[in-house]
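Here is the structure we will look at, set down as structure tokens.
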Amino acid sequence: MPTLDAEVEAPPAMDSSHRIAALNRNDKPFHVVLAQQFDRTTIEQLCQLADMIRTVGASRQGTQFLLTLLSHRRAMLYFIQPSTRTFLSFTAACQVLGMPYNSVRDRSTSSEVKGESEDDTIRVLSQYFDLIIMRHPAEGFAEHVAHILNDMPRTIPVINGGSGKDQHPTQALLDIYTLFRAFADPETTRIERRYMRNVFSGKTIAFVGDLKRGRTVRSLTYLLCRYPGVRLLFISPPELRIGEDILQYIGRHSVEYEIADDLPSRIGECDAVYMTRLQDEHDVAGESKSIDYYRYALTCEMAKDFKPGLAILHPLPRRHELDQRLDSLPQAKYWAQVRNGMWMRAALIAAIFNVDVAIRDHYHAYYNF
Amino acid sequence: MPTLDAEVEAPPAMDSSHRIAALNRNDKPFHVVLAQQFDRTTIEQLCQLADMIRTVGASRQGTQFLLTLLSHRRAMLYFIQPSTRTFLSFTAACQVLGMPYNSVRDRSTSSEVKGESEDDTIRVLSQYFDLIIMRHPAEGFAEHVAHILNDMPRTIPVINGGSGKDQHPTQALLDIYTLFRAFADPETTRIERRYMRNVFSGKTIAFVGDLKRGRTVRSLTYLLCRYPGVRLLFISPPELRIGEDILQYIGRHSVEYEIADDLPSRIGECDAVYMTRLQDEHDVAGESKSIDYYRYALTCEMAKDFKPGLAILHPLPRRHELDQRLDSLPQAKYWAQVRNGMWMRAALIAAIFNVDVAIRDHYHAYYNF
Amino acid sequence: MPTLDAEVEAPPAMDSSHRIAALNRNDKPFHVVLAQQFDRTTIEQLCQLADMIRTVGASRQGTQFLLTLLSHRRAMLYFIQPSTRTFLSFTAACQVLGMPYNSVRDRSTSSEVKGESEDDTIRVLSQYFDLIIMRHPAEGFAEHVAHILNDMPRTIPVINGGSGKDQHPTQALLDIYTLFRAFADPETTRIERRYMRNVFSGKTIAFVGDLKRGRTVRSLTYLLCRYPGVRLLFISPPELRIGEDILQYIGRHSVEYEIADDLPSRIGECDAVYMTRLQDEHDVAGESKSIDYYRYALTCEMAKDFKPGLAILHPLPRRHELDQRLDSLPQAKYWAQVRNGMWMRAALIAAIFNVDVAIRDHYHAYYNF
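Have a look at this one:
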């Protein structure tokens, strides 16, 4: 697995670089917990690896090579929070690499009904499996799991598939991979050179909607701050504005940003627009009912102002903030984004288990003429 | 996949041949949605293929050959309706062919709780998987899914594992396969010649019980209408009589039928009897409580009247309409019918992905002396 | 599979040797239903096989050999009782041997909602799968399943993963395997000789806590009675004392036992201590609320009295009866016990399908220098 970024910055309250160093010790496997863990080299290598897996996986012979890579390892998907998309994306990624898995998705079928602590559940899982992929409602739970695992004699790695309101690092990786592919033209550039350039410099990327409560926006912002010259545009209802801590994080990097309130007048200047739904399940007392969220929708009427190279992203599920009739436009990248998630997660798992070298070898031997 | 039957007929309200043509376009994968799609050649080829898979799968070497066939594809079982039998039958069929799968069985764990439309769920699934097998309470849902998939840039096939009250095409295929095996004597005829003859000509096949609401009876009738000379006997309480549309469909084919009300006096003339349970979960206001359903039960007392070659089928689950003490008779074919389902579904999936040729080759190379 | 112990004894009410003979007939596959089925030779061979699988499974080449062993068979985990640990242990065991599986964990998704009897469900499952592993709340259910399966034309084996309050034979096997490894020093003895000696002779093994209702204590006691010279110490609140039938069973073997009530004063004489939680889910009217269960806890304060070679076991989940701070002591064997369960269950499944010979061959060819 690539080295970590030593110079990671974070809000004073939590010092990421110390946290990351504590999480990922040299004598232990690599835990994927925070988006801030990923430096540019790592992002570049993962995107490259995802492309190679995709290319190799397009042939039957290549697919069967991939299936041998992790057939000797087993993954546990500990998903104690409703999720179809992320869950299936990870299972598909495991299947691409031939890695058997099992899942726990509901506390009621588990030993916790008999009074077991969740920490003990994690310890038990670490005896049966070689990787834990988890999704959890509790803030910081993935980090806690990493520390529990580091304390066991047999330590296995954990991947954060979304925890609390803050972090969703694998979504951030697939999002930046999708943006890279939209800007870098995968058809004409060789994989080895595809992700080395800062294609984000001079580009305007808008985040639209419920920016206060969407963890995907926060996580992707951490990654985009690695790319000087990118311009971030945060368009949201005043009540759902992006958090101050993120703005401070951006402020410490060479990245320009703007807070705005109106989508139609700004869409024409965007190179990418990242739409998000209203996260009203986090409402305390129905406070978002009074918001006219449809003002932050991307509609067919705006299509006339789209740049030809615009990339429309959405972490899904969508409601009315993204018109279905846009699906057939070349600018709609959100279905590709879904599939990119599978390849990116396969790349991440491959890298954690050090089979990335075998994939690169295979790619160069068979596909790189 | 075999060609479709161009001359399919259907009640005026729905023109099957147009529907089927719209569903299964030449530039798209083959969708299995309606029982009416299957002509005699297709039925014959699928039965033959199921026998070959069964034969090859009886040896360890053969099983391991089968396991390589679809290891590079992935299936999604989208089963939004309680089902054990059909679900497990399809998973076993996938496992026979080495095809990894995953499932969604409950809307509450899915993104729909976050407000996603079911159409979007299908679109997302199509990004991770290479086949959708579905079961759904809504009438016509499988057909709707086929059209959604045809509109995606990456189209994958759908198999209808039961939708609404009308269609259950794979059950019909395994039922006719079971009848074929009962009438054709698989022990003495070579696989290649086993299903070419119309073994149904001159045979009397009785359907007994809740014929109004059982979709298996309707679907199997569509297939039997391909075989001129078969005689269908519909025995049911007057309140649960077979639908008029089905009788009209039969009327348009060279098939004789009779409506009857008494099982004991007719059992002696039957070559096959297809028992069904009371589908009282479809009752609107408990209307079937007043029916003396036990009058339509197959009991031990009737066994003295059975023809020696009688085939007793039941789609299961059974209640009291089929006496457990009949299980040990040679005429009881319903457990074999269950296992036939696994082989037939494996044959269907193999045909959809064009690996039927490899199976035939392997069969001829190793088993056909 | 090894031969059964013909001289098994049991309380008068149920004659185990007759029961076992009826269950396991020569013309049928081997069913694992009762702990009493296992004689010393069988226990020894299974422990040896578990060690071989563990050793072979430590290398990538060995793991891939194991994956080929049962890829041509399919297991059904019919787990109609909440369970994470046992369920995942069995699925991991299947995965170690490359055996595909599926599960039914909830009656509400099954055909039983349509009125199917559970016996018919078992009959249907026997058509799709080659092994049923089950866990069930009903007393004697596994035995009932074995008889149903013996009556089918195509008989498959069943493994009892816990049924009713009495039997949990695979837990007993993994427990005795863990004790064996603690006493026999796996590092210095060759696998072939590791389990032949009665290492239990002269050893004191304490069972502590809710001995009345824990089925693991009962099942392990059946196995330990095979080893003359072992001394059993049952420490529990008077209300939760070990059952009279077990004491009578012990009395018929050359095994000494003692009933005690105080843990702190006895811990110093123990070679192994088997902790159990309060099973208050079996309370009829909250009767265990008045028990001071913490008096039967193993605490850090007692560590000063531990023998250096003490083995602490716990079937898990634990509550407060086993202090978490003990986890880091070398005497704590309960996490290893969890992992031992996976290897022992893999050994058992391998033996049932007669691939134990292939494992022994492979082990001797590659690992036994």
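Residue numbers (my numbering), protein chains in the order written: chain A, 36 to 404; chain B, 36 to 404; chain C, 36 to 404.
Even glycine gets a Cβ: it sits at the ideal position worked out from N, Cα and C.
Treat the numbers as computed from the prediction; the structure is a model and nothing was measured.
Of all alpha-carbon atoms in A:F218, A:Q130, A:K339, A:I211, the one lying nearest the alpha-carbon of R261 (chain A) is that of A:I211. At least one beta carbon of chain C lies nearer than 8 Å to the beta carbon of A127 (chain B). Less than 8 Å divides the Cβ of L112 (chain A) from the Cβ of S138 (chain A). In terms of beta-carbon proximity, P135 (chain B) lines the interface with chain A, with at least one pair separated by less than 8 Å. Residues of the region 345-379 of chain B with a C-beta atom less than 7 Å from some C-beta of chain C are L351, P352, R353, R354, W370, V373, R374, M377, listed in chain order. Assignment of beta-bridge partners to Q96 (chain B) by DSSP yields no partner. Residue environment analysis places G237 (chain A) among the exposed positions, since fewer than 16 neighbouring C-beta atoms fall within 10 angstroms of its C-beta. Three or more beta-carbon pairs separated by less than 8 Å link the region 196-214 of chain B to the region 67-84 of chain B, which places the two stretches in contact.
Less than 8 Å separates the beta-carbon of R312 (chain C) from that of R353 (chain C). Of the residues A:N233, A:A217, A:D280, the one whose Cα lies closest to the Cα of D74 (chain A) is A:N233.
Within its own chain, the residues whose Cβ lies closer than 7 Å to the Cβ of S254 (chain B), once the five positions on either side in sequence are excluded, are A70, Q202, H203, P204, Q206, A207, listed in chain order.
Pairing R395 (chain A) with M134 (chain A) gives a Cβ-Cβ distance that is not under 8 Å.
Annotation: the region 70-134 of chain A contains the following complete segments of the beta strand (DSSP E) (minimum length 3 residues), in chain order: 110-114. Taking C-beta separations shorter than 6 Å and ignoring five residues to either side along the sequence, the partners of Y328 (chain C) in its chain run L313, following chain order.
With respect to chain B, the C-beta atom of R120 (chain A) has a partner C-beta closer than 8 Å.
Between the alpha carbons of L105 (chain A) and I183 (chain B) lies a distance of about 34 Å. Taken through DSSP and simplified to helix, strand or coil, G197 (chain B) comes out as strand.
Distance from the CA of G321 (chain C) to the CA of D318 (chain B), rounded to the nearest whole angstrom, comes to 42 Å.
In the structure shown, Y292 (chain C) adopts extended strand secondary structure according to DSSP, grouped into three states. At least one CB of chain C lies nearer than 8 Å to the CB of L123 (chain B).
For V193 (chain B), the closest C-alpha among the options B:R228, B:L351, B:I168, B:T251 is that of B:I168. By the 16-neighbour rule on beta-carbons within 10 angstroms, G264 (chain B) is exposed.
DSSP places R170 (chain A) in the uninterrupted beta strand (DSSP E) bounded by 166-171.
T213 (chain A) places its beta carbon less than 8 Å from that of N375 (chain A). About 4 Å separates the beta carbons of Y369 (chain A) and H349 (chain A), which is inside the 8 Å limit, making them a contact pair. Q162 (chain A) belongs to the set of residues whose beta carbon lies under 8 Å from a beta carbon in chain C. Boundaries for S363 (chain B): no alpha helix (DSSP H) harbours it, and the DSSP string shows neither H nor E there. Between T103 (chain B) and chain C, the shortest Cβ-Cβ separation is not below 8 Å. In this structure, C:L246 is the residue among C:A307, C:S289, C:L246, C:R109 with its C-alpha nearest to the C-alpha of E279 (chain C).
Per the C-alpha coordinates, the member of C:A400, C:A385, C:D391, C:H397 positioned closest to C129 (chain C) is C:A385. Look at Q372 (chain A) here: in three-state DSSP terms it is helix.
Only R95, T98 from the region 66-98 of chain B bring a Cβ to less than 7 Å from some Cβ of chain C. Sequence-distant partners of R170 (chain A) (beyond 5 residues in either direction) whose C-beta falls short of 6 Å from its own C-beta, in its chain, are F114, Q116, S118, G196, G197. Around the Cβ of A295 (chain A), a 10 Å sphere holds fewer than 16 other Cβ atoms; the residue is exposed. Within the same chain, and ignoring the five residues on either side of S363 (chain C) in sequence, no residue has its Cβ closer than 6 Å to its Cβ. In chain order, F114 place their CB closer than 6 Å to the CB of F122 (chain B), counting only its own chain and leaving out the 5 sequence neighbours on each side.
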